[in-house]
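Novice: The sequence shown runs 2 to 71 under the working numbering. Note that beta-carbon positions come from the ideal geometry of N, C-alpha and C, so glycine has one too. Okay, here's the structure, questions in a sec.
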Amino acid sequence: MNRPMLSIPMSGVDVVLGIQWLQFFGTVTFNFQEIFLNFFWKGKEVESRGIVGKTGIIINSNGMKNILKK
């Protein structure tokens, strides 16, 4: 199935692969106004923020597959 998704340039992580990936971290905090997410990894808080000045784009799953191949 080819579903649209929003690609947001983020700092701190290469890619967020979806809810199954995020479940691995337990509690994850999102702020959709400031575009960041926080979670704990190995006892330390990790924050990933959207990159200021870069807007997200809507892509489909085929487009995401192409990005991940790079």
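In chain order, what residues of the same chain have a beta carbon less than 8 Å from the beta carbon of F26, not counting five sequence neighbours either side?
Specialist: Hits under 8 Å: F40, F41 and W42.
Novice: Within 10 Å of its beta-carbon, does L69 have 16 or more other beta-carbons around it, so buried, or fewer, so exposed?
Specialist: L69 is exposed by the Cβ-count criterion.
Novice: Please report how far the alpha carbon of K71 lies from the alpha carbon of T28, in whole angstroms.
Specialist: Answer to the nearest angstrom: the Cα atoms are 30 Å apart.
Novice: Hey, N32 and L38: beta-carbon distance below 9 Å or not?
Specialist: For N32 and L38, yes; Cβs fall inside 9 Å.
Novice: So within the stretch 14-55, which uninterrupted beta strand (DSSP E) runs reach at least 3 residues, ignoring any that extend past its ends?
Specialist: Qualifying beta strand (DSSP E) stretches, in chain order: 29-32, 37-42 and 45-51.
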